[in-house]
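Trainee: In my numbering, the protein residues as written are 1426 to 1536. We put the beta carbon where it would ideally sit given N, CA and C, even for glycine. Since the model is a prediction, treat every value here as computed from it, not as a measurement.
#1: Distance check for residue 1445 and residue 1534, CA to CA, integer angstroms please.
#2: Compute the distance between the beta-carbons of residue 1497 and residue 1530, then report whether it is under 7 Å.
#3: Could you check whether the Cβ of residue 1474 sits closer than 6 Å to any heavy atom belonging to the ligand NAD?
#4: Taking all protein chains shown into account, decide if residue 1518 is buried (16 or more other Cβ within 10 angstroms of its Cβ) or exposed.
#5: Assign residue 1455 to one of two classes, buried (16 or more other C-beta atoms within 10 Å of its C-beta) or exposed (fewer than that).
#6: For residue 1511, I'd like the list of residues in its chain whose CB is within less than 6 Å of its CB, leaving aside the five on either flank, ordered along the chain.
#7: Please name the residue in 1525, 1527, 1440 whose C-alpha comes closest to that of residue 1482.
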(Lines of atoms letter the chains of each structure in order from A and count residues from 1; the text may use other names and numbers.)
(Lines give C-alpha, C1' and ligand atoms only; values in the text may rest on other atoms or scores of the structure.)
Protein backbone atom coordinates (compact mmCIF):
# COMPACT_ATOMS: atom_id res chain seq x y z
CA UNK A 1 0.00 0.00 0.00
CA UNK A 2 2.76 2.43 0.94
CA UNK A 3 4.66 1.71 -2.28
CA UNK A 4 1.53 2.34 -4.33
CA UNK A 5 0.11 5.44 -2.64
CA UNK A 6 3.16 6.75 -0.86
CA UNK A 7 1.62 6.37 2.59
CA UNK A 8 0.73 3.68 5.08
CA UNK A 9 -2.86 2.47 5.30
CA UNK A 10 -4.77 3.18 8.52
CA UNK A 11 -6.69 -0.10 7.99
CA UNK A 12 -5.95 -3.78 8.32
CA UNK A 13 -6.14 -5.33 4.90
CA UNK A 14 -5.54 -8.49 2.95
CA UNK A 15 -4.64 -8.15 -0.69
CA UNK A 16 -2.30 -8.56 -3.58
CA UNK A 17 0.03 -6.46 -5.65
CA UNK A 18 -0.23 -6.82 -9.41
CA UNK A 19 3.09 -6.52 -11.21
CA UNK A 20 3.18 -5.92 -14.95
CA UNK A 21 6.45 -5.63 -16.83
CA UNK A 22 8.31 -5.16 -13.57
CA UNK A 23 6.11 -2.28 -12.35
CA UNK A 24 3.50 -2.17 -9.61
CA UNK A 25 0.42 -1.86 -11.82
CA UNK A 26 -2.36 -2.34 -9.26
CA UNK A 27 -3.24 -3.28 -5.72
CA UNK A 28 -6.44 -5.06 -4.75
CA UNK A 29 -7.96 -6.66 -1.69
CA UNK A 30 -10.23 -6.10 1.27
CA UNK A 31 -9.74 -3.64 4.11
CA UNK A 32 -11.26 -3.91 7.57
CA UNK A 33 -12.55 -0.41 8.33
CA UNK A 34 -14.63 0.94 11.20
CA UNK A 35 -17.71 0.21 9.07
CA UNK A 36 -16.80 -3.35 8.08
CA UNK A 37 -15.00 -4.95 5.15
CA UNK A 38 -14.49 -2.90 2.00
CA UNK A 39 -13.15 -4.26 -1.30
CA UNK A 40 -10.68 -2.09 -3.20
CA UNK A 41 -8.72 -2.13 -6.43
CA UNK A 42 -6.50 0.73 -7.48
CA UNK A 43 -4.81 0.63 -10.86
CA UNK A 44 -2.14 2.84 -12.31
CA UNK A 45 -2.56 4.30 -15.78
CA UNK A 46 -0.74 1.41 -17.43
CA UNK A 47 -2.14 -0.59 -20.31
CA UNK A 48 -2.68 -3.86 -18.40
CA UNK A 49 -4.15 -6.81 -20.32
CA UNK A 50 -7.74 -7.63 -19.29
CA UNK A 51 -6.69 -11.22 -18.53
CA UNK A 52 -4.25 -9.92 -15.89
CA UNK A 53 -6.96 -7.78 -14.28
CA UNK A 54 -9.42 -10.70 -14.21
CA UNK A 55 -6.80 -13.01 -12.72
CA UNK A 56 -6.24 -10.51 -9.88
CA UNK A 57 -10.00 -10.06 -9.40
CA UNK A 58 -10.57 -13.83 -9.20
CA UNK A 59 -7.85 -14.07 -6.56
CA UNK A 60 -9.47 -11.31 -4.49
CA UNK A 61 -12.86 -13.00 -4.88
CA UNK A 62 -11.37 -16.19 -3.44
CA UNK A 63 -10.09 -14.18 -0.44
CA UNK A 64 -13.58 -12.72 0.03
CA UNK A 65 -15.16 -16.19 -0.06
CA UNK A 66 -12.67 -17.49 2.53
CA UNK A 67 -13.34 -14.47 4.77
CA UNK A 68 -17.08 -15.29 4.99
CA UNK A 69 -18.09 -11.69 5.83
CA UNK A 70 -20.24 -9.11 4.11
CA UNK A 71 -18.02 -6.94 1.89
CA UNK A 72 -18.88 -3.53 0.44
CA UNK A 73 -17.46 -1.79 -2.62
CA UNK A 74 -18.01 1.59 -4.23
CA UNK A 75 -18.05 2.32 -7.93
CA UNK A 76 -14.83 3.78 -9.25
CA UNK A 77 -15.14 7.11 -11.03
CA UNK A 78 -12.05 6.48 -13.13
CA UNK A 79 -13.30 3.28 -14.72
CA UNK A 80 -16.60 3.39 -16.63
CA UNK A 81 -17.03 -0.40 -16.46
CA UNK A 82 -16.79 -0.59 -12.65
CA UNK A 83 -20.44 -1.54 -12.19
CA UNK A 84 -20.30 -4.38 -14.72
CA UNK A 85 -17.00 -5.55 -13.21
CA UNK A 86 -18.40 -5.68 -9.66
CA UNK A 87 -21.55 -7.46 -10.81
CA UNK A 88 -19.51 -10.13 -12.61
CA UNK A 89 -17.63 -10.72 -9.36
CA UNK A 90 -20.90 -11.32 -7.48
CA UNK A 91 -21.52 -7.89 -5.95
CA UNK A 92 -25.06 -6.51 -5.96
CA UNK A 93 -26.28 -2.91 -5.82
CA UNK A 94 -26.89 -1.90 -2.18
CA UNK A 95 -27.72 1.81 -2.30
CA UNK A 96 -26.27 5.28 -2.56
CA UNK A 97 -23.90 6.87 -0.06
CA UNK A 98 -24.38 10.43 1.26
CA UNK A 99 -22.59 11.91 -1.76
CA UNK A 100 -24.67 9.96 -4.28
CA UNK A 101 -21.98 7.37 -4.92
CA UNK A 102 -23.16 3.84 -5.68
CA UNK A 103 -22.43 1.16 -3.06
CA UNK A 104 -22.39 -2.56 -3.84
CA UNK A 105 -22.41 -5.50 -1.43
CA UNK A 106 -21.18 -9.09 -1.56
CA UNK A 107 -23.03 -11.44 0.78
CA UNK A 108 -21.47 -14.71 2.04
CA UNK A 109 -24.57 -16.56 0.80
CA UNK A 110 -23.59 -15.61 -2.76
CA UNK A 111 -21.30 -18.65 -3.12
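Mentor: In this structure, then:
#1: Mapped onto the chain shown, residue 1534 falls at position 109. Mapped onto the chain shown, residue 1445 falls at position 20. In a straight line, the C-alpha of residue 1534 is about 34 Å away from that of residue 1445.
#2: Indexing the chain shown from 1 puts residue 1497 at position 72. Indexing the chain shown from 1 puts residue 1530 at position 105. Yes, these two residues count as a Cβ contact at 7 Å.
#3: Annotation note on the ligand NAD: not contained in the displayed structure, which lists no ligands.
#4: Reading the chain shown from its first residue, position 93 is the one you call residue 1518. Exposed, by the Cβ-count rule.
#5: In the chain shown, the residue the question calls residue 1455 occupies position 30. The residue is buried, with at least 16 neighbouring Cβ atoms inside 10 Å.
#6: Against the chain shown, residue 1511 aligns to sequence position 86. The answer, listed in chain order, is 1498, 1529.
#7: If you number the chain shown from 1, residue 1482 lands on position 57. Among 1525, 1527, 1440, the Cα nearest to that of residue 1482 belongs to 1440.
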